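In the working numbering, the protein residues as written are 1 to 276.
Beneath this line is the structure, given in structure tokens, with notes to follow.
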Amino acid sequence: MKHFTHFADAVDDLAFVPTMGALHDGHLALVKEARKFSSHVGLSIYVNPTQFESKSDLEKYPRTLEKDLLLAEKAGSDFVWTPSVDEIYPEGMSNVTLIPAGSLGELYEGVSRHNHFSGVLTVIERLFRITNPRYALFGEKDFQQLFLIRKFAKTYFPNVSIIAGKTIRDERGLALSSRNSRLTEDELEIAYVLPEAQAAVKELTNLGEMRATLHHILHNRVGFTLDYVEIVDPETLLPIPTSSADFIGRVQVLLAGWVGSVRLIDNFAHEVKGQE
Ligand code: AMP
């Protein structure tokens, strides 16, 4: 496997996996999925400054390059590209014009992380422009991000197929995340409130009960600070109004909160069958 800091390996059928490193099985599953689409698979590791709201969050982001290279190679990546800030933002960080993410980028994650998705779209535009991929793979774990990238790519990179990878979880259902490595043992225990909330609504068939149960569990776990829990239409990303008591159909539950200083997000699909 090749490791390079400057991209010069253009191929016409690249299946590309952009990451911020601290690789885990969620990232590696995307690499393996990429292999189903192309004989050229590459992964980038770039901790993108424009998508971080706070400098301290950016600085605290885990960086484990040596281990990442071994894991990427084992998962079957042909290359790992670790660009410099200069390669991505040659105009200098203070001169970067962010790509607007629109009103959907201001919802959910966008409320506490203002401009986060503008930063994400800005780096994706640069990464795509440099690598010219045929396929790009993103995890469902970041549902809002996947939605916004799909929408963006459809307009600006119609030749890039966006492929979604399922959320990879640990044996107790917690979605793998590079940020999990910042949790102490006690904090990790608290983080399991996320899969517990999911399990608690599994058998529920109407929206009202789902909402009440999710709020009850997520508000009452000591050590967990809920940011939001929203039930949305996966096709539009818009919230399903509380007034739609007799709603029937597939929904996506989006949730986020803090355990200590670590921000965690999750989401899952659910079939609402209405009152029974
Ligand atoms: P990140 O390094 O956090 O920016 O993530 C890079 C890519 O891996 C994104 O497309 C994420 O959605 C995806 N990803 C992160 N965690 C998971 C997971 N647990 N399961 C599946 N995909 C994931």
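Cβ atoms here follow ideal geometry from the backbone N, Cα and C, with glycine treated the same way.
This one's a predicted model, so the numbers in the text were calculated from it and none came from an experiment.
Anticipated Cβ contact below 8 Å, residue i with residue j, distance rounded
i: Val-17; j: His-27; result: 7 Å
i: Ile-265; j: Val-251; result: Not really, about 17 Å apart at Cβ, beyond 8 Å.
i: Ala-29; j: Ile-168; result: 5 Å
i: Ser-118; j: Leu-146; result: Not quite, the Cβ-Cβ distance comes to about 16 Å (not below 8 Å), so this is no contact.
i: Ala-75; j: Val-11; result: Contact flag wrong, Cβ pair sits at about 19 Å.
i: Val-229; j: Leu-207; result: With a Cβ gap of about 12 Å, Val-229 and Leu-207 do not count as contacting.
i: Phe-224; j: Val-193; result: 5 Å
Contact test: residue i Cβ vs the ligand AMP heavy atom, cutoff 8 Å
i: Glu-140; result: yes
i: Arg-169; result: yes
i: Gln-145; result: yes
i: Met-20; result: yes
i: Leu-183; result: no
i: His-27; result: yes
i: Lys-151; result: no
i: Val-17; result: yes
i: Gly-165; result: yes
i: Leu-137; result: yes
i: Leu-30; result: yes
i: Ala-191; result: no
i: His-24; result: yes
C-alpha distance - residue i paired with residue j, whole-angstrom precision
i: Arg-126; j: Glu-185; result: 38 Å
i: Lys-55; j: Lys-273; result: 44 Å
i: Leu-226; j: Gly-257; result: 4 Å
i: Ile-128; j: Leu-176; result: According to the sequence displayed, residue 128 carries Phe and not Ile. Near 25 Å, if we compare the C-alpha coordinates of Leu-176 and Phe-128.
i: Arg-113; j: Thr-50; result: 11 Å
i: Glu-66; j: Asp-9; result: 21 Å
i: Tyr-46; j: Ile-88; result: 9 Å
i: Pro-90; j: Tyr-135; result: 25 Å
Simplified DSSP state of residue i, which is helix, strand or coil
i: Tyr-156; result: helix
i: Val-80; result: strand
i: His-27; result: helix
i: Lys-111; result: Note that residue 111 is Val in the sequence shown, not Lys. DSSP places Val-111 in helix when its eight states are reduced to three.
i: Asp-263; result: The sequence given here places Arg at residue 263; Asp does not occur at that position. Strand at Arg-263.
i: His-279; result: Because residue 279 is not part of the residues shown, which for the chain are 1 to 276, the question remains open.
i: Ser-56; result: helix
i: Gly-21; result: coil
i: Ala-10; result: coil
i: Val-96; result: coil
Legend entry - Length at least 3, wholly inside the stretch 118-169: the beta strand (DSSP E) runs in chain order: 135-139, 161-165
Inset, instruction - Please specify which runs of the alpha helix (DSSP H), each continuous and at least 4 residues long, are wholly inside the stretch 167-252, giving them in chain order. - result: 185-191, 193-201, 207-220
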